[in-house]
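Counting in the numbering used here, the final residue of the sequence shown is number 654, and the numbers go up one at a time with none missing. Backbone N, C-alpha and C fix where the C-beta goes; we use that ideal spot for every residue, glycine too. Written out below as structure tokens is the structure these notes cover.
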Amino acid sequence: MSTDPTFIALPTPEHTAAWVLAQVEQGLAAARTGVAALKAHPPADAMAALREFDAVETALSNVASVGSLFSEVHPLEEVRSAGEAAIQEVQRLSTELSLDRELYEVFAGLDATGLDADATRLLEKVRRDFRRAGVDQDDATRARITAINERLVLVGQEFSKNIRDDVRSIRVRPEQLDGLPQDWLDAHPAGEDGLVTVTTDYPDFLPVATYCTVRQTRLDLRLEFLNRAWPVNDDLLHELFDLRQELAGLVGYQNWADYDAEVKMIGRGSAIPEFIDQVTAAAEASGRRDLAVLLERVRVDRPDAEVVDSVDAVYYERLVQQEQYEVDTQKVRTYFTFASVRQGLLDVTGRLFGLTYVAVPDAPVWHPDVAAYDVHRGSDAAAPVVGRIYLDLHPREGKYKHAAQFDLVRGVEGRQLPEGVLVCNFPRGLMEHDQVVTLFHEFGHLVHHVLAGHVEWIRFSGVATEWDFVEAPSQMLEEWAWDAEVLRTFALDADGAAIPVELVAAMRRANDFGKGYAARTQMFYAAMAYAFHVERPSDITARTRELQERYSLFPYLEGTHMPCSFGHLEGYSSAYYTYMWSLVIAKDLFSVFRKEDLFDPEVAGRYRDLVLARGGSADAADLVADFLGRPYTVDAYTAWLAQ
Ligand SMILES: [Zn+2]
12 MSTDPTFIAL
22 PTPEHTAAWV
32 LAQVEQGLAA
42 ARTGVAALKA
52 HPPADAMAAL
62 REFDAVETAL
72 SNVASVGSLF
82 SEVHPLEEVR
92 SAGEAAIQEV
102 QRLSTELSLD
112 RELYEVFAGL
122 DATGLDADAT
132 RLLEKVRRDF
142 RRAGVDQDDA
152 TRARITAINE
162 RLVLVGQEFS
172 KNIRDDVRSI
182 RVRPEQLDGL
192 PQDWLDAHPA
202 GEDGLVTVTT
212 DYPDFLPVAT
222 YCTVRQTRLD
232 LRLEFLNRAW
242 PVNDDLLHEL
252 FDLRQELAGL
262 VGYQNWADYD
272 AEVKMIGRGS
282 AIPEFIDQVT
292 AAAEASGRRD
302 LAVLLERVRV
312 DRPDAEVVDS
322 VDAVYYERLV
332 QQEQYEVDTQ
342 KVRTYFTFAS
352 VRQGLLDVTG
362 RLFGLTYVAV
372 PDAPVWHPDV
382 AAYDVHRGSD
392 AAAPVVGRIY
402 LDLHPREGKY
412 KHAAQFDLVR
422 GVEGRQLPEG
432 VLVCNFPRGL
442 MEHDQVVTLF
452 HEFGHLVHHV
462 LAGHVEWIRF
472 SGVATEWDFV
482 EAPSQMLEEW
492 AWDAEVLRTF
502 ALDADGAAIP
512 VELVAAMRRA
522 NDFGKGYAAR
532 TQMFYAAMAY
542 AFHVERPSDI
552 TARTRELQER
562 YSLFPYLEGT
572 HMPCSFGHLE
582 GYSSAYYTYM
592 WSLVIAKDLF
602 SVFRKEDLFD
612 PEVAGRYRDL
622 VLARGGSADA
632 ADLVADFLGR
642 PYTVDAYTAW
652 LAQ
């Protein structure tokens, strides 16, 4: 007999460090015991073996979820440290298991006959993970793989550290900072020699790039910015690309991009440049058109200007948006008070996905700012509970600085209910519209986590889909935060007047300006990430210059070495295309929703059940095709880009 799963009972904050330690101890012990049993008495029945392994993965997942959440959000330092230690312990054991020959043999020898579709898929994934880790290679090869992986961690850390540590600066006279906001100028007084120091850190670099009227200042700072970590990271990049190539070769792939792409929606490495070229072509017309608008505006100031470069692009884009689209951001924010936006988000997503959120004021939480809600599947609180969400939306000391969704529990039908957390840093008063869009985006991940928390296997629970698809549902949900009729349900000013339809239209036009050339810049970055891994060029700077000329609409700046500070070469490796790939799918998914009725329950219900609720139970391409009734295409995206 099994009992219905319940929510985990979080301890009070001061008891949480001990609680996390106990979770780690019990979780890892359960995982080790499970693995030992599998190896000592390998079940002949494939389903039984998968069930036992699923229990091991569930134990590890539960420790990892608690660890990563509390390491980033808990107000007590000792709990954050305990969370970090938990993550490291799980990683260590996971790596050990991925190279455990005896454990691999259990799964390699199973007969898959008679398994249902989900279990067959799971067994394939388990075997594939082992093979990709290199567990089936001979001892010498496995030793080399282990050495490569250890070296890759160090190279990656050093590469990132060099970027962080190489803060450069320029020194300028105060009048060379004309145009910067007064509060920024006040914070940057001149030294005894009359010069102001301006660094390449974002709080200096971005305002100067955006507001400084003096081109020479913008140019000098950008040159420094693009040369961070040069030349030290050039050697590390060569080593990084060589090690990844060697690793891919040892486990049977032609190159790193093929190895990396195998577990993504794109499938094969050679599809990456095809995708890049497709987007590049689609962005050509609107990119050139908006570039011409920028050049015309540059020539008002400098009649002899022949091209727009990145030094001018950021500065003049803001001017064009301000002068030609007349969006008063000060006025816009008066419509977005935090409390009404939060309620609006719950109302909009509840209506769209057929959910009811019921506040649980007595649920234990880690900070008084955190609000817990039970999620009911249905139109009222009598409907069954399918998960719990926690909204942790304001900044505080020691808390994660960005916006993201975290797991607390990954759900498995009949065993554990999904619990997820939205972590953001919004003001308590008025919000920018950008922040409203971010809130909808992140909530997209949260609702995906909850709805896909009722699958049969932990491996497929929540946002366990391909990495280049995972952003699509969130990118699509952003559309509801750009729709005037949706916004007018909760975007009200102090007198209760809804945001004007014309203002939303102007905001959309301003936001769309420059999307073509921005897409081309992104494709330049994506082309670098792919080409560097596949070609491993001897002269990275020379190859950068060629790729920039081919893909970007802004020219290469002489003497710069941008890849040395392009941190995503570490994290994304050859797959920087992923965000744009997800956006292509998001635009196609959204094309099914009719503009006149974004809440059509038939369309929204099919989307919820066919795409979100299945988590990783099927390939993303199949989830999408089941919803669309056809394979996805780039048409909706290219039409949007061409507008
Ligand atoms: Zn996202």
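Residue i classed as buried or exposed, judged by whether at least 16 other C-beta atoms fall within 10 angstroms
{"i": "residue 26", "result": "exposed"}
{"i": "residue 303", "result": "exposed"}
{"i": "residue 571", "result": "buried"}
{"i": "residue 213", "result": "exposed"}
{"i": "residue 217", "result": "exposed"}
{"i": "residue 154", "result": "exposed"}
{"i": "residue 318", "result": "exposed"}
{"i": "residue 484", "result": "buried"}
{"i": "residue 643", "result": "buried"}
{"i": "residue 165", "result": "exposed"}
{"i": "residue 390", "result": "exposed"}
{"i": "residue 476", "result": "buried"}
{"i": "residue 12", "result": "Interpretation of residue 12 is limited by its pLDDT of 42, a score under 50 that renders its predicted location unreliable; the figure taken from the coordinates is listed afterwards. Answer is exposed; the Cβ neighbour count stays below 16."}
{"i": "residue 255", "result": "buried"}
{"i": "residue 507", "result": "exposed"}
{"i": "residue 407", "result": "exposed"}
Rounded distance between the beta-carbons of residue j and residue i, thought under 8 Å
{"i": "residue 76", "j": "residue 418", "result": "4 Å"}
{"i": "residue 93", "j": "residue 32", "result": "6 Å"}
{"i": "residue 86", "j": "residue 431", "result": "About 20 Å separates the two Cβ atoms, so there is no contact after all."}
{"i": "residue 623", "j": "residue 457", "result": "At roughly 11 Å, the Cβ-Cβ gap does not stay under 8 Å, so residue 623 and residue 457 are not in contact."}
{"i": "residue 615", "j": "residue 364", "result": "6 Å"}
{"i": "residue 79", "j": "residue 581", "result": "Not quite, the Cβ-Cβ distance comes to about 19 Å (not below 8 Å), so this is no contact."}
{"i": "residue 42", "j": "residue 67", "result": "5 Å"}
Boundaries (first-last residue) of the beta strand (DSSP E) holding residue i
{"i": "residue 229", "result": "Per DSSP, residue 229 belongs to no beta strand (DSSP E); it is in the alpha helix (DSSP H), 226-237."}
{"i": "residue 399", "result": "396-403"}
{"i": "residue 584", "result": "Element bounds for residue 584: n/a, residue is neither H nor E."}
{"i": "residue 182", "result": "180-183"}
{"i": "residue 415", "result": "415-420"}
Residue range of the alpha helix (DSSP H) that includes residue i
{"i": "residue 447", "result": "444-462"}
{"i": "residue 174", "result": "150-176"}
{"i": "residue 624", "result": "First-last for residue 624: undefined, no H or E at that position."}
{"i": "residue 256", "result": "243-261"}
{"i": "residue 380", "result": "Here residue 380 belongs to no alpha helix (DSSP H), and DSSP marks it neither H nor E."}
{"i": "residue 193", "result": "193-197"}
{"i": "residue 315", "result": "Premise fails: residue 315 is in no alpha helix (DSSP H) and is neither H nor E."}
{"i": "residue 327", "result": "321-336"}
{"i": "residue 6", "result": "With the chain covering only 12 through 654, there is no way to say anything about residue 6."}
{"i": "residue 637", "result": "631-639"}
{"i": "residue 265", "result": "Unbroken run through residue 265: none, as it is neither H nor E."}
{"i": "residue 288", "result": "282-293"}
{"i": "residue 487", "result": "483-488"}
{"i": "residue 469", "result": "No alpha helix (DSSP H) contains residue 469, which DSSP labels as neither H nor E."}
Coarse secondary structure for residue i, derived from DSSP in three states
{"i": "residue 221", "result": "helix"}
{"i": "residue 430", "result": "strand"}
{"i": "residue 370", "result": "strand"}
{"i": "residue 209", "result": "strand"}
{"i": "residue 550", "result": "coil"}
{"i": "residue 64", "result": "helix"}
{"i": "residue 387", "result": "strand"}
{"i": "residue 12", "result": "Caution applies to residue 12, whose pLDDT of 42 falls short of 50 and renders its modelled position unreliable; the value that the coordinates give is listed next. Here residue 12 sits in coil by DSSP."}
{"i": "residue 509", "result": "strand"}
{"i": "residue 423", "result": "strand"}
{"i": "residue 608", "result": "strand"}
{"i": "residue 20", "result": "coil"}
{"i": "residue 27", "result": "helix"}
{"i": "residue 476", "result": "coil"}
{"i": "residue 348", "result": "strand"}
Check: residue i C-beta below 7 Å from any heavy atom of ligand 3
{"i": "residue 485", "result": "As presented, the structure is devoid of ligand 3, carrying ligand 1 as its sole ligands."}
Neighbour flag for residue i against chain C, beta carbons, 8 Å
{"i": "residue 635", "result": "Of the protein chains in this structure there is only one, and it is not chain C."}
Cβ contact check for the segment 339-349 and the segment 448-457: 3 or more pairs under 8 Å
no
Determine contact between the segment 188-196 and the segment 219-234, defined as no fewer than three beta-carbon pairs at a distance below 8 Å.
yes
Looking at C-beta atoms only, is the number of pairs between the segment 549-564 and the segment 584-594 that lie closer than 8 Å three or more?
no
Is the segment 309-316 touching the segment 541-555 in the sense that three or more CB pairs, one from each, lie closer than 8 Å?
Touching, no.
Spell out a yes or no on whether the segment 420-438 and the segment 46-60 are touching, meaning 3 or more CB-CB pairs, one atom from each, closer than 8 Å.
Touching, no.
Within the chosen definition, does the segment 548-557 reach the segment 375-390 through at least 3 CB pairs nearer than 8 Å?
With the rule of 3 Cβ pairs closer than 8 Å, the segment 548-557 does not count as touching the segment 375-390.
Pairing CB atoms from the segment 327-334 with CB atoms from the segment 515-526, are three or more of them under 8 Å?
yes
Taking three-plus beta-carbon pairs below 8 Å as touching, is the segment 288-299 in contact with the segment 511-519?
no
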